[in-house]
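The structure appears right after this line, and notes come after that.
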Amino acid sequence: MINIATRIDPAIASAVSETITQLHGRHLIGNALVPAVAGATLEVLDPATGAVLGEAPAATTDDVARAVDAASAAFPGWAATPSRQRGKLLAEAARAIAAKSGALAAVLALETGKAIRTECRGEIATAIDIVTMYAGLASELKGETLPFDPQILTYTSREPLGVVAAILPWNVPLVLMMLKIAPALVAGNTVVVKASEEAPFATIEMARLMAELLPAGVLNVICGTGRDCGSALVEHPAVAKVTFTGSQAVGELIYQTAARKIIPVSLELGGKSPMIVYPDADMARVVAGAIAGMRFTRQGQSCTAASRIYVHNTLIDAFVAALRDAVAKLVIGDPLDEATDIGTVISQRQKAKIESYLALGERTAGAQVARCGELPRAGHLKDGLFLQPTIVTGLPEDSPLMREEIFGPVVCVQPWDDEDDVIARANDSDFGLAATVWTHDLRTALRAVQRLDAGYVQVNQNLTIQPNLSYGGFRKSGLGKEASLEAMLEHFTKKKTVVIDMR
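Sequential numbering of the sequence shown, starting at 31, is according to my numbering.
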């Protein structure tokens with residue numbers, strides 16, 4: 031058992047330790063917790079302390095085959111289950127997760143380093159909302175009747191695809207899992223999830239709670255590296271669909287494999303999202319929106335992070351000063367501490383990558399790099415992967431900090447004075463996931479929204495994914511939509527056309 035008694039609510043400490051111990055080196059296959067075929071494991075670290083949290087199974091092709099075989103065997107029965115019954119089972123699963131949400135949030139905080147108060151509890155609540163929404167959409171799996179001819183009955187029907195492979199990142203694993211598996215399951219597919227080897231435990235436990243209410247093999251979770259597990263899963267001939275959230279480089283490899291197999295894919299590959307602040311914007315709301323939009327409480331580890339902020343010349347000095355003051359007040363500390371706003375980044379590799387960008391910024395002529403807030407001083411956190419939220423100004427537009435996804439708590443703030451120019455700069459990106467506009471002039475807002483080339487645009491707010499609002503990006507941000515009825519119908523079913531001559 032891990033020693034967390036001094037860091038966590040005693041009421042759930044035992045449940046948290048038992049969960050991690052139970053999942054030690056175990057996949058979830060066919061509703062059973064099973065070790066990797068070869069018995070290999072991977073250490074999972076607590077990024078706040080550097081201590082070993084537990085061990086995850088290290089899947090190889092044999093484990094992948096075992097999981098896909100279980101999903102394939104379960105598919106005919108699950109596909110034949112009435113859709114409303116599938117929805118009822120998913121609704122029951124949502125209630126089962128809610129009953130265990132306290133311990134789940136603590137497990138998530140331990141393995142990801144995200145603050146339990148500002149991030150982990152909210153992530154679980156959103157995951158529950160997503161599965162509840164899709165459970166309620168089960169009756170919408172319907173086709174159309176086409177008026178082709180009075181003597182010829184013509185209609186379409188929606189049918190499940192088969193075995194879906196869902197590959198997850200580590201930043202918001204529970205929400206992203208639900209965005210993939212909830213529509214897939216309600217639509218009648220069976221699923222094999224590939225959990226992140228850096229943060230697997232909350233994912234496997236949440237899936238286990240769901241699987242207890244489902245037929246064996248309908249929902250499976252395996253864990254391993256991308257090279258040994260992820261690629262084998264995508265390559266497996268019985269996998270009929272791949273849904274992936276992660277890096278552009280890996281997404282391109284998955285897309286190539288899917289093209290060779292001629293199977294559909296959904297890809298969410300990141301962003302470099304712009305935020306444009308007009309001169310009439312409310313400063314207090316904009317500063318709060320910038321902090322929320324940059325996902326500072328998640329250490330900036332978000333695809334939709336508003337990491338490029340363009341502020342009108344008349345406001346920029348006041349905005350930067352106010353943003354620095356507000357960010358400096360955020361508490362960086364133990365993710366399990368209720369006083370903590372910001373926890374850690376996920377790994378030493380990720381921390382080193384972020385720091386390399388900051389070093390580049392500090393070497394850039396004319397740039398100013400302002401690290402805000404205080405790092406924790408507690409002895410048990412001395413090896414923690416903490417970073418200060420950082421505001422960078424004075425960069426050229428072609429700087430890697432302006433063009434590349436840093437995936438850390440680094441926001442770049444730039445001035446503007448011409449609308450055509452700032453829209454062009456905002457759109458000058460390989461990505462097109464999200465964008466934000468701040469103005470009280472409706473005509474200005476609508477004009478900007480129309481011209482911004484991004485898939486998810488908000489005005490005067492910077493919220494995360496909302497259930498039943500279609501979400502997905504343009505260009506190299508990926509393919510397909512999530513979080514909506516559209517996503518379930520278009521990405522997890524196939525349409526069959528039926529023509530019957532009744533003469």
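Glycine included, C-beta positions come from ideal geometry on N, C-alpha and C.
Along the length of the stretch 108-145, whole beta strand (DSSP E) runs at least 3 residues long do not occur. Within its own chain, the residues whose Cβ lies closer than 8 angstroms to the Cβ of A288, once the five positions on either side in sequence are excluded, are V264, V272, P294 and V295, listed in chain order. Collapsing the DSSP output to three states places Y501 in a strand. The Cβ atoms of R125 and A168 lie no closer than 9 angstroms to each other. The count of Cβ pairs closer than 8 angstroms, one atom from the stretch 444-462 and one from the stretch 348-358, stays below three, leaving the stretches out of contact. Looking from the CA of A400, the closest CA among A88, G424 and R433 belongs to G424. Within the same chain, L134, I154, A157, I158, V161, M236, L239 and M240 come within 8 angstroms of I127 by CB-CB distance, once the 5 residues on both sides are set aside. Bounds of any alpha helix (DSSP H) do not take in Y308, whose DSSP letter is neither H nor E. For D179, the three-state secondary structure derived from DSSP is strand. Looking from the CA of P419, the closest CA among A41, E48 and S337 belongs to S337. Taking C-beta separations shorter than 6 angstroms and ignoring five residues to either side along the sequence, the partners of G80 in its chain run D413, following chain order.
Within the same chain, Cβ atoms closer than 8 angstroms to the Cβ of L72 are found at E85, A86, P87, A88, E227, C253, G254 and T255, the five residues on either side in sequence being excluded.
Exclusion of the five residues before and after G462 leaves D483, A484, G485, G503, F504, R505 and S507 as the residues of its chain whose Cβ lies within less than 7 angstroms of its Cβ.
If you ignore the 5 residues before and after H470, its C-beta comes within less than 6 angstroms of the C-beta of D310, all in its own chain and listed in chain order. The DSSP-derived three-state label of N492 is coil.
A direct Cα-to-Cα measurement between E516 and L297 gives close to 15 angstroms. Each residue's CA atom was taken as its position, placing A214 and L249 some 10 angstroms apart.
In its chain, beyond the 5 residues on either side, L63, V64, P65, P87 and I234 have a beta carbon closer than 8 angstroms to the beta carbon of R56.
Taken in chain order, the complete beta strand (DSSP E) segments of 3 residues or longer contained in the stretch 398-486 are 398-401, 420-423, 440-446 and 464-468. In this structure L366 is not in contact with R96, their Cβ atoms being roughly 35 angstroms apart against a cut-off of 8 angstroms. For K291, the three-state secondary structure derived from DSSP is helix. By the criterion of a C-beta distance shorter than 6 angstroms, G152 is surrounded by no residue of its chain, once the five residues flanking it on both sides are discounted.
Non-local beta-carbon contacts of F178 in its own chain, meaning distances under 8 angstroms to residues more than five positions away in sequence, involve T184 and V529 in chain order. Taking C-beta atoms as the reference points, A348 and M313 count as a pair closer than 9 angstroms.
F326: not part of any beta strand (DSSP E); DSSP gives it neither H nor E.
Short of 8 angstroms from the beta carbon of L411, and not among the five residues preceding or following it, lie these beta carbons of its own chain, in chain order: A78, T79, G363 and D364. Using a C-beta cut-off of 8 angstroms, the stretch 35-54 makes no contact with the stretch 372-386, since fewer than three inter-stretch Cβ pairs fall below that distance. Taking each of I50, I59 and A475 in turn and checking the Cα distance to E242, the smallest one comes out for I59. Cβ atoms of A268 and A104 stay farther apart than 8 angstroms, at about 12 angstroms. When DSSP states are grouped into helix, strand and coil, T394 belongs to the coil group. Secondary structure of R533 (DSSP, three-state): coil. Note on geometry: alpha-carbon atoms of A217 and S500 lie some 17 angstroms from one another. Taking the Cα positions, M518 is about 48 angstroms away from G409. DSSP places G301 outside both helix and strand once states are collapsed to three, so it counts as coil. Of the candidates E435, A262 and P304, E435 places its Cα closest to the Cα of A279.
Within the model, the alpha-carbon separation for K144 versus Q378 is close to 15 angstroms.
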